[in-house]
Structures are given as structure tokens and as C-alpha cells.
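Structure first, then comments.
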Amino acid sequence: EPEVTQTPSHQVTQMGQEVILRCVPISNHLYFYWYRQILGQKVEFLVSFYNNEISEKSEIFDDQFSVERPDGSNFTLKIRSTKLEDSAMYFCASRTAYEQYFGPGTRLTVT
Amino acid sequence: AQRVTQPEKLLSVFKGAPVELKCNYSYSGSPELFWYVQYSRQRLQLLLRHISRESIKGFTADLNKGETSFHLKKPFAQEEDSAMYYCALPYNQGGKLIFGQGTELSVKP
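Going line by line, the protein sequences match chains A and B.
Everything in the first sequence is counted per this note's numbering, starting at 11 for the first residue and increasing by one.
Everything in the second sequence is counted per this note's numbering, starting at 3 for the first residue and increasing by one.
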């Protein structure tokens with residue numbers, strides 16, 4: 011059964027550095043999402059992406075964040091200058107008509 | 003505003019006992035609601051959605067519009083049911099999910 015994959019599984023970075031989190035959605039899906047979950051808190055929506063553009067973004071998704079689908083298969087989330095409060099699990103998801111399929115997540119630790 | 007509330011952070015029961023994980027929502031319109039489950043070290047996966055009215059792994063959930071609830075129930079809990087459970091509301095055409103805080107279910111032998 012096809013799955014959403016994410017790399018790396020764990021990323022440690024220093025404050026102020028740029029990070030790129032990578033996702034490979036399921037191939038025939040058209041909607042893509044990033045969510046994050048700070049330790050002990052709920053899963054929060056960051057951004058949705060459809061037809062090669064952002065369809066919606068949350069208040070969290072400020073100018074430090076960007077998303078790309080550079081080659082028709084990968085879907086990336088970039089954080090330009092990481093802050094301590096960006097430490098979280100980041101989940102990618104892609105969607106059929108009804109169901110969102112989630113990746114295993116990338117744990118981002120900002121020191 | 004659209005919101006999903008799961009009032010219990012942790013629910014601990016013994017094997018064979020009934021389980022009810024609570025979910026309340028705030029939504030203007032006719033909602034579609036999901037339960038997602040996350041087993042230890044695994045990804046979030048869809049457990050069930052209200053429109054399908056399925057029973058998955060013995061779990062059921064009924065949408066109660068009067069009480070704005072979508073509680074998840076199972077008559078006899080099993081140890082393998084131990085996991086995090088999230089109630090979620092897809093919102094607008096883009097389908098972003100609004101999650102509750104999650105309830106950790108612990109089923110003791």
C-alpha cells in the first residue's frame with residue numbers, strides 16, 4: 011500500500027539556521043498539507059497546497075516558512091531562520107477525496 | 003470559530019472494560035468528523051469517519067448534532083487499543099483538519 015514518506019526522521023539544527031523538511035506524498039493525490047505538533051500540544055495545521063500553489067495557511071505560517079513542490083514528487087517545507095519555538099514534530103499529509111494520509115513525521119530540534 | 007475539544011488527556015481502563023473517548027465540536031453547518039489513531043511510534047492513521055458509519059476494530063462513533071459531540075466507543079477494550087486518539091474536523095474546501103488535543107488511551111491487563 012502506498013505511503014507518505016518524510017525525511018529526515020530527526021533533524022537537529024542551531025537557532026538561526028535554515029532547514030528543509032522533505033516529504034513524498036502518495037503519487038495520485040492532489041492536496042498536500044503540513045502540520046506540526048509541539049510536544050504535549052495538539053496537532054496544528056500549517057499550510058495546504060493544491061495545483062502548485064498555497065491554498066491556505068495558518069497564522070503560524072509566517073514569512074519564515076515556505077513550501078515547494080520542486081519536481082512533481084517531493085513536497086518540501088523550508089524554515090528560513092529557525093527559532094527555539096520551532097522545535098516540534100512536523101507531519102506531511104496528502105489527500106484523496108475523503109482521507110488524509112500522514113507521513114511518519116520529522117522531529118525538528120532547534121538548539 | 004471552528005473548534006474540537008477532547009476533555010480527557012488520559013483515559014485508563016482495564017482490558018474488557020467499555021471505553022468512551024469524548025469529542026465535542028463547534029462548527030457552523032453540517033460537520034464531517036473523523037477519529038484518527040496514533041499507535042506508539044507509528045503515524046497518524048484514520049480510524050473512522052462519521053459519514054461511513056463503519057465499525058473499525060470494534061470502535062464506533064455517532065454524530066450527535068444536538069450535543070455537538072462525536073464520542074468514540076468500544077464495548078470491550080483490548081490492550082492493543084492503547085494509543086493516542088485524535089478527533090478531527092475537516093474545514094472548508096481545502097480540507098485542512100482541525101484536531102482536538104488528543105486522548106491517550108491506556109488499556110491495562
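Glycine residues also receive a C-beta, built at the ideal position from the N, C-alpha and C atoms.
Since the structure is predicted, the reported quantities are computational estimates derived from the model, not experimental observations.
Report yes or no: is there a C-beta of chain A within less than 8 Å of the C-beta of residue i?
i, result
"Tyr29/B", "no"
"Arg51/B", "yes"
"Tyr88/B", "yes"
"Leu13/B", "no"
"Arg45/B", "yes"
How big is the Cα-Cα spacing for residue i and residue j?
i, j, result
"Ile100/B", "Glu82/B", "26 Å"
"Glu95/A", "Cys89/B", "25 Å"
"Ser108/B", "Thr7/B", "19 Å"
"Leu48/B", "Leu35/B", "11 Å"
"Tyr93/B", "Thr106/A", "15 Å"
"Tyr29/B", "Glu106/B", "24 Å"
"Pro111/B", "Ser84/B", "11 Å"
"Val53/A", "Gly102/B", "8 Å"
"Gly26/A", "Ser76/A", "16 Å"
"Thr23/A", "Thr92/A", "8 Å"
"Gly82/A", "Asn62/A", "9 Å"
"Phe59/A", "Tyr43/A", "6 Å"
"Ile36/A", "Ser104/A", "7 Å"
"Arg79/A", "Thr17/A", "15 Å"
"Asn38/A", "Phe112/A", "15 Å"
"Leu50/B", "Gln51/A", "22 Å"
"Ser32/B", "Glu13/A", "30 Å"
So which residues on chain A does residue i lean against when the C-beta distance must stay under 7 Å?
i, result
"Lys98/B", "Tyr43, Phe55, Ser58 and Glu66"
"Leu48/B", "Glu109"
Residues of chain A with a CB under 8 Å from the CB of residue i: which are they?
i, result
"Gln103/B", "Gln51 and Lys52"
By the criterion of Cβ-Cβ separation under 8 Å, what are the contact partners of residue i in chain B?
i, result
"Asn21/A", "One detail in the question is off: residue 21/A reads as Gln in this sequence, not Asn. Within 8 Å Cβ-Cβ: nothing; Gln21/A doesn't reach chain B, min ~17 Å."
Is residue i close to chain B? Criterion is C-beta to C-beta, closer than 8 Å.
i, result
"Phe85/A", "no"
"Tyr108/A", "yes"
"Pro114/A", "yes"
"Phe75/A", "no"
Quick one: list the residues of chain B neighbouring residue i, beta-carbon separation under 7 Å, in chain order.
i, result
"Arg46/A", "Those within 7 Å of Arg46/A in chain B number zero; the least Cβ separation is about 11 Å."
"Arg105/A", "Gly97"
Span of the beta strand (DSSP E) holding residue i?
i, result
"Phe16/B", "Leu12 to Phe16"
"His73/B", "Note, His73/B: premise wrong, no beta strand (DSSP E); not H, not E."
"Thr92/B", "This sequence places Pro at residue 92/B; Thr is not what is there. Run containing Pro92/B: Ala85 to Tyr93, per the beta strand (DSSP E) assignment."
"Gln27/A", "Looking at the DSSP string, Gln27/A is not in any beta strand (DSSP E), and its letter there is neither H nor E."
"Arg51/B", "Gln47 to Arg51"
"Glu54/A", "Val53 to Tyr60"
"Glu69/A", "Premise fails: Glu69/A is in no beta strand (DSSP E) and is neither H nor E."
"Ile100/B", "Lys98 to Phe101"
"Ile36/A", "First-last for Ile36/A: undefined, no H or E at that position."
Anything in chain B within Cβ reach of residue i, meaning under 9 Å, just list it in chain order.
i, result
"Phe71/A", "The contacting residues do not exist; Phe71/A stays about 11 Å from chain B at best."
| said: Pairs of beta-carbons, one from the segment 56-71 of chain A and one from the segment 15-27 of chain B, closer than 8 Å: are there three or more? | reply: No, they do not touch.
| message | Could you check whether the segment 85-105 of chain A touches the segment 34-52 of chain A, counting it as contact only if at least three pairs of C-beta atoms, one from each stretch, sit closer than 8 Å? | response | Three or more pairs of CB atoms, one per stretch, sit closer than 8 Å, so the segment 85-105 of chain A contacts the segment 34-52 of chain A.
| task | Please determine if the segment 72-79 of chain B and the segment 45-62 of chain B are in contact, where contact requires at least 3 C-beta pairs separated by less than 8 Å. | result | Yes: the two stretches touch, three or more of their Cβ pairs being nearer than 8 Å.
| said: Using a Cβ distance threshold of 8 Å, determine whether the segment 111-119 of chain A contacts the segment 9-18 of chain B, with at least three qualifying pairs required. | reply: Between the segment 111-119 of chain A and the segment 9-18 of chain B, the count of C-beta pairs closer than 8 Å stays below three; the two stretches do not touch.
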